[in-house]
Amino acid sequence: YFEEQKGILWHQHKQELDKWHGPFMDDAGRQYFVNSEDGISSWQDPRIDAQYIFELESGLLTSLEEILPPAKPDTPHFDPNSNVSNEIGGRQWKTSDGAEVITLDHADANQIMNTAAKRNYRE
103 YFEEQKGILW HQHKQELDKW HGPFMDDAGR QYFVNSEDGI SSWQDPRIDA
153 QYIFELESGL LTSLEEILPP AKPDTPHFDP NSNVSNEIGG RQWKTSDGAE
203 VITLDHADAN QIMNTAAKRN YRE
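Add 102 to a position in the sequence shown, counting from 1, and you land on the number used in our numbering.
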């Protein structure tokens, strides 16, 4: 999860940096950079700030990965390798943030409870 998030962050920074062009020289021989999308310019190289911010964000994610326990679903007896969605007539999918979701299609409460009870009995 954390490595994926670092990749997403790097991609976002790269998209921002793609808007910048330069260095160019002004009449006095000073370097400047131009952001073609936002119509702004800067004397400072935007890559330096982007690298600094990315390293901070990446370091924070690394620290969180070392400190936080592995993610566990809130659902009791959750087995990520289980095919429970097929057992109860549902559909399993992931959100854009990576959260796993089971959508139940025409499954009533009794069917869900019976399936859960059968699974717990087998364990």
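For every residue, glycine included, the Cβ atom is placed at its ideal position computed from N, Cα and C.
Classify E139 as helix, strand or coil using the three-state DSSP reduction. coil
Helix or strand or just coil, what does DSSP make of W145? coil
Can you tell me where the beta strand (DSSP E) holding G109 begins and where it ends? Note, G109: premise wrong, no beta strand (DSSP E); alpha helix (DSSP H) at 104 to 119.
Would you mind sorting W122 into buried or exposed? The rule is 16 or more other CB atoms within 10 Å of its CB. Buried.
My output table needs one value for G161: the three-state DSSP class, helix, strand or coil. Residue state, collapsed to three classes: helix.
Can the beta-carbon of Y134 be found closer than 8 Å to that of G200? no
Taking 8 Å as the threshold (C-beta atoms), are R149 and L119 in contact? In this structure, L119 places its C-beta atom within 8 Å of the C-beta atom of R149.
Am I right that F156 and H115 are in contact with their C-beta atoms under 8 Å? What's the rounded C-beta distance? 5 Å
Take E139 as the anchor and find which of P172, S198, K196, Q117 has the nearest alpha-carbon. Q117
Which residues does DSSP pair with F126 in a beta bridge? Y134
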